[in-house]
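In this text, residue positions in the sequence shown follow UniProt numbering: the first is 1, and each later residue adds one. Beta carbons are placed, not taken as given, at the ideal position from N, Cα and C, and that holds for glycine. Computed from a prediction, not measured in an experiment: that's the story for all the values here.
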Amino acid sequence: MALTDDDGKIRWRQSPYTLLAGLLILVAAFAAAMHSVAVALVLSVGAVAILAYQPARNARSETVAAPVIEALPAAETARDNIGVTSAALSAIDMPLYLIDARENIVFQNGAAAEAFGEIEANAHITTRLRSPAILDCVRETIAKGNVNTVEYSERHPSTRVYLVRVAPMPSENGKATHFILSFRDISESRVVERMRSDFVANASHELRTPLASLQGFIETLQGPAKNDPKAGERFLGIMLEQVQRMNRLVDDLLSLSRLELKAHIAPSDRVDLLPLLGHVRDALQPLAASLDIEIAMDLPQDPVFVAGDRDELIQVFENLVQNACKYGQEGKRVEVTLTPATKGQGAEVSIRDFGPGIAEEHIPRLTERFYRVNVEASRSKKGTGLGLAIVKHILTRHRARLIVKSEMGKGSVFTVRF
Numbered sequence: 001m002a003l004t005d006d007d008g009k010i011r012w013r014q015s016p017y018t019l020l021a022g023l024l025i026l027v028a029a030f031a032a033a034m035h036s037v038a039v040a041l042v043l044s045v046g047a048v049a050i051l052a053y054q055p056a057r058n059a060r061s062e063t064v065a066a067p068v069i070e071a072l073p074a075a076e077t078a079r080d081n082i083g084v085t086s087a088a089l090s091a092i093d094m095p096l097y098l099i100d101a102r103e104n105i106v107f108q109n110g111a112a113a114e115a116f117g118e119i120e121a122n123a124h125i126t127t128r129l130r131s132p133a134i135l136d137c138v139r140e141t142i143a144k145g146n147v148n149t150v151e152y153s154e155r156h157p158s159t160r161v162y163l164v165r166v167a168p169m170p171s172e173n174g175k176a177t178h179f180i181l182s183f184r185d186i187s188e189s190r191v192v193e194r195m196r197s198d199f200v201a202n203a204s205h206e207l208r209t210p211l212a213s214l215q216g217f218i219e220t221l222q223g224p225a226k227n228d229p230k231a232g233e234r235f236l237g238i239m240l241e242q243v244q245r246m247n248r249l250v251d252d253l254l255s256l257s258r259l260e261l262k263a264h265i266a267p268s269d270r271v272d273l274l275p276l277l278g279h280v281r282d283a284l285q286p287l288a289a290s291l292d293i294e295i296a297m298d299l300p301q302d303p304v305f306v307a308g309d310r311d312e313l314i315q316v317f318e319n320l321v322q323n324a325c326k327y328g329q330e331g332k333r334v335e336v337t338l339t340p341a342t343k344g345q346g347a348e349v350s351i352r353d354f355g356p357g358i359a360e361e362h363i364p365r366l367t368e369r370f371y372r373v374n375v376e377a378s379r380s381k382k383g384t385g386l387g388l389a390i391v392k393h394i395l396t397r398h399r400a401r402l403i404v405k406s407e408m409g410k411g412s413v414f415t416v417r418f
């Protein structure tokens, strides 16, 4: 009996019923040739009956085999689902693990391998994660099928904070067999929250100090020194200094606020740095003279244009030169150097002092709000602790960088690179 495979090729199925039917047909043909019509007719009917019986038998055989054929695609579909899930997890930049009900890691994406290291396939989760809080969340999710989250801190090689989430994967029968363990890095938001909190605390402290001083002097003038003209004159001078200090602080806070609102908008005006730096030197010449400091300028002959906001750039260089004069006073000299743009590098302005220098551990934090290397020295020089924070925000808006180099005993160099 001829049958066809899936590829269309003909194959022959060996069956005793088929052979018997064929034999009867041959004998019937021979009987007809010998004019035995009755014998030929009987043999032909028998062959037809045998062939009619054979397809029914084949159908029963196919019916019995059908459940086995149906079972194979289901298993393959489950494997395909895991494969599709793994491919999807690989495209996500958040650390993710796919785990089974026995707490074995079936798959980890590239972000997880980079954050926590490679792990062998089907290894138990405790070989990589030992946090009791995370393990409890995983076990509760596996047992109850609910979603759990927990905060987790990783301190080596650097401090990172993650929001860990464990969730079951959807399944057709309602019983999850695999679970996704994800790690969302919230370190940046935690740092921003801490900086905001520190900022409010520091601003409150900076304002409270002069206010307390003003209140004390006013109470003194109203009481014991009410009729003392000399004390009143001296106290009024101190009160004026405290009011000026608060004004500087409020002005700097307002500057920061304005800069943050337009930080995403890059300035488009063209500014020539040569006359701008000359203006900064002229504006700070009285301060330099009072401190017995020389401001030396090393400028090129040709104009040096950059994209920027003139007033904001004046604020940047006034802050930097003023700091160099006040904190590098011992060196008696401040050098301002303008280097034009070259191929592959933008224009640079360097401000160098020859003062005591800045210790290495302080340099990364110099542009933080209210951060001071020496609190008393800063306050005595009428600093608000916001100058370099303002410089950083302005340069960020100008798509420029502030590079700080310092050596103890030899001074510091602050370079603005456009």
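Item	Value
Indicate whether A389 and E368 have their beta-carbon atoms separated by less than 8 Å.	yes
I need the boundaries of the alpha helix (DSSP H) containing S257, first residue and last residue.	P229 to L261
Can you tell me whether R194 is buried or exposed, with buried defined as 16 or more other CB within 10 angstroms of its CB?	exposed
Under 8 Å: do the stretch 324-334 and the stretch 352-359 share three or more Cβ pairs, one atom per stretch?	yes
According to DSSP, simplified to helix, strand and coil, what is V42?	In this predicted model, V42 has a pLDDT of only 48, less than 50, meaning its place in the structure is not dependable enough to derive any value.
Just to check my reading of the structure: G308 and D269 have Cβ atoms closer than 8 Å, yes? What is that Cβ distance to the nearest angstrom?	7 Å
With a CB to CB cut of under 7 Å and the five nearest residues on each side skipped, what residues in its chain are close to I403?	T415 and R417
Can you give me the C-alpha to C-alpha distance between Q301 and R397, rounded to a whole angstrom?	28 Å
Between the stretch 168-184 and the stretch 88-101, are three or more C-beta pairs nearer than 8 Å?	yes
For Q108 versus I119, is the C-beta distance shorter than 8 Å?	yes
Could you tell me the boundaries of the beta strand (DSSP E) in which Q108 lies?	I105 to Q108
Which residues in the same chain have their Cβ closer than 8 Å to the Cβ of V271, if we skip the five residues on either side of it in sequence?	F305, V306, A307, G308, D309, R310 and L313
With a CB to CB cut of under 6 Å and the five nearest residues on each side skipped, what residues in its chain are close to V413?	S350, R352 and K405
If you draw a straight line from the C-alpha of R258 to the C-alpha of S131, how long is it?	44 Å
If contact is defined by three or more beta carbon pairs under 8 Å, each pair taking one atom from either stretch, is the stretch 209-216 in contact with the stretch 224-242?	yes
Find out if the Cβ-Cβ distance for the pair V161, S197 is shorter than 8 Å.	no
Hey, out of H393, L366, E360 and S153, whose CA is closest to A409's CA?	Here the sequence assigns Gly to residue 409, which means Ala is not the residue at that position. Nearest option by C-alpha distance: E360.
Tell me, please, whether the stretch 85-95 touches the stretch 109-116 by the rule of three or more beta-carbon pairs shorter than 8 Å.	yes
Considering only the beta carbon of each residue, do residue 438 and N319 sit closer than 8 Å?	Residue 438 falls outside the range modelled here, since the chain spans only 1 to 418, and no answer is possible.
Whole angstroms are fine: how far does the CA of E260 sit from the CA of V191?	17 Å
At the level of alpha carbons, what is the spacing between V150 and L89?	21 Å
Would you call residue 422 buried or exposed, if buried means 16 or more other Cβ atoms sit within 10 Å of its Cβ?	Outside the shown range of the chain, which is 1 to 418, sits residue 422, and nothing can be said about it.
What are the start and end residues of the alpha helix (DSSP H) that includes P153?	Correcting the residue identity first, residue 153 is Ser in this sequence and not Pro. Element bounds for S153: not the alpha helix (DSSP H) but the beta strand (DSSP E), N148 to E154.
Can you tell me where the alpha helix (DSSP H) holding A389 begins and where it ends?	G387 to R397
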